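**Q** Line by line, the protein sequences give chains L and X.
Under my numbering, residues 1 to 188 are what the first sequence spells out, in order.
Under my numbering, residues 1 to 188 are what the second sequence spells out, in order.
Beta carbons are placed, not taken as given, at the ideal position from N, Cα and C, and that holds for glycine.
Please read these numbers as outputs of a predicted model, since none were measured by experiment.
I am attaching a structure below and will ask some questions about it afterwards.
2 protein chains.
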Amino acid sequence: MDSSLVHSPRHDRTTAAILDAAAHVLAADGAAASMADVANAAGVGRATLYRYFETRESLLEALAADAVAEAGARLADAGLDGVPVELAIERIVRAIVAVGDRYAVILREEILPDREEVERLLGAPIRAVFARGVRTEVLRSDVTLEILLELFGGLLTSTIKLVGQRRVGLEDAAAAVTDVFLQGSRAQ
Amino acid sequence: MDSSLVHSPRHDRTTAAILDAAAHVLAADGAAASMADVANAAGVGRATLYRYFETRESLLEALAADAVAEAGARLADAGLDGVPVELAIERIVRAIVAVGDRYAVILREEILPDREEVERLLGAPIRAVFARGVRTEVLRSDVTLEILLELFGGLLTSTIKLVGQRRVGLEDAAAAVTDVFLQGSRAQ
DNA sequence: CCGTACTGAGACACTAGTGTCTCGGAGGAG
DNA sequence: CTCCTCCGAGACACTAGTGTCTCAGTACGG
């Protein structure tokens, strides 16, 4: 291990506080939020913010990487392969929505982090579930898998927005979006 | 009529060209696009752009109002009240997605134009169809109407993105999203 | 053919944000 | 207690965008 990678506990705490504040501020104000806003929200000086993240871009990258890593970890812990596709989809919804406004930053703006990382940690496992769904004839095959994934993403985005606005709880939202995605909005 | 509201044909054409270019540029580059970018894309000088729209904000407002008006006109022409809810929803999808990247500007950024205008021209007719769907038991009632509308909006957003990227045609997209929204993604 | 009105180009002032640097102070480790 | 490190505050240069203005050229109608 390189000793330069080891940080003091306070350093780690400050980093976390900055990323946390950045997630909230950016989710609220979008790309309009400035570094000063982030520093303010994090309760640190602007100079300190720049000591932790050299540029605005690197802050965004770190934030995105953080969100992807956390969402990926939740997906990895969800045991998607061992359960029926319907349940797996519900767990995916829960995992993504739980990461919430951190993920919203990535979706809203174009702060795409490492494409490979996104594909490896999020794309692949989700795609696997959908592919299994189509293969086992649980999911419809008359719509492209890619389109199905894109529509699923759209539903997730609006759900994150709903949860972020506290208009609906995480559990209700996850259940509703899973149900609507699988069954549709038609009655019965 | 106030004669100050009458414009020469060329003036109207230039206005349209600017709005058109602005819609494309903003759909592509998002809020990052500058007035210089818009002027460039419209093939006019920056000074001329400012002669037509006093500020960046007024340009965005005009663009949003334009998009809302066009989408509203399509909805009004769609005869939503006279057809079954399923067909009405398909027509809504087609109307909104057809306006395409003009509408994307509104959805992506927070350039909300006149809230009242949006509600009157878009919200009300769409809400009416959904309310009728719930009342006639075509649409499920175990999910709030508001949530259903929000999820519908999420599907529309991702569909606009798909169509904008030419990954799927307008007709296919409208059919797919209507079908998925009503029937869900489950096979059969 | 002429003049009027519009246009593009560019200079300009102004604002806001970014990233750098310095300095005095505070707080924790020894 | 003392030293050492980190922090906040603020000054600073720089960049990019906005909005204003002027001026020479041009298209178009009369």
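Give me, in chain order, the residues of the same chain whose beta-carbon lies closer than 7 Å to that of Gly164(L); leave out the 5 immediate sequence neighbours on both sides.
**A** Ala27, Gly100, Asp101 and Ala104
**Q** Using the C-alpha atoms, what's the distance from Arg74(L) back to Glu171(L)?
**A** Computed Cα separation, rounded: 16 Å.
**Q** Which whole-angstrom value describes the C-beta separation of Arg186(X) and Arg140(L), a residue pair presumed to lie in contact below a C-beta threshold of 8 Å?
**A** The pair is a contact, with the Cβ atoms about 7 Å apart (cut-off 8 Å).
**Q** Going by C-alpha distance, which of Leu122(L), Phe130(L) and Arg56(L) is nearest Leu145(L)?
**A** Sorting Leu122(L), Phe130(L) and Arg56(L) by C-alpha distance to the C-alpha of Leu145(L) places Phe130(L) at the top.
**Q** Just curious, the alpha helix (DSSP H) that Gly72(X) is in, first and last residue?
**A** Residues Arg56 to Asp77.
**Q** What whole-angstrom Cβ distance do Leu80(X) and Arg94(X) have, given they're in contact under 8 Å?
**A** The Cβ separation is near 11 Å, so there is no contact.
**Q** Just the Cα atoms here: how many angstroms apart are Ala23(L) and Thr55(L)?
**A** 16 Å
**Q** According to DSSP, simplified to helix, strand and coil, what is Arg186(L)?
**A** strand
**Q** Measure from the alpha carbon of Glu137(X) to the alpha carbon of each residue in Ala31(X), Arg46(X), Asn40(X) and Val85(X), then state which is nearest.
**A** Closest by alpha carbon: Val85(X).
**Q** Between Phe152(X) and Phe181(L), what straight-line distance do the alpha-carbon atoms span, to the nearest angstrom?
**A** 11 Å
**Q** Would you please verify whether the beta carbon of Arg140(X) is less than 8 Å from any beta carbon of chain L?
**A** With 8 Å as the cut-off, Arg140(X) counts as an interface residue toward chain L.
**Q** Please report how far the alpha carbon of Ala39(X) lies from the alpha carbon of Leu60(X), in whole angstroms.
**A** So the two alpha carbons sit approximately 13 Å from each other.
**Q** Going along chain X in order, which residues have a C-beta closer than 7 Å to the C-beta of Arg162(L)?
**A** It is Leu, not Arg, that sits at residue 162(L) in the sequence shown. Correct list: Ile147 and Glu150.
**Q** Less than 8 Å between the beta carbons of Thr157(X) and Thr157(L), yes or no?
**A** yes
**Q** Which residues in the same chain as Ala36(L) place their Cβ atom closer than 8 Å to its Cβ, once the five residues preceding and following it in sequence are excluded?
**A** Closer than 8 Å at Cβ, skipping near neighbours: Arg46.
**Q** Can you name, in chain order, every residue of its own chain whose Cβ lies under 7 Å from the Cβ of Gly72(L), other than the five neighbours on each side?
**A** For Gly72(L), where only same-chain residues beyond five positions count, the Cβ hits under 7 Å are Leu121 and Leu122.
**Q** Check whether the Cβ atoms of Val68(X) and Pro9(X) lie closer than 8 Å to each other.
**A** no
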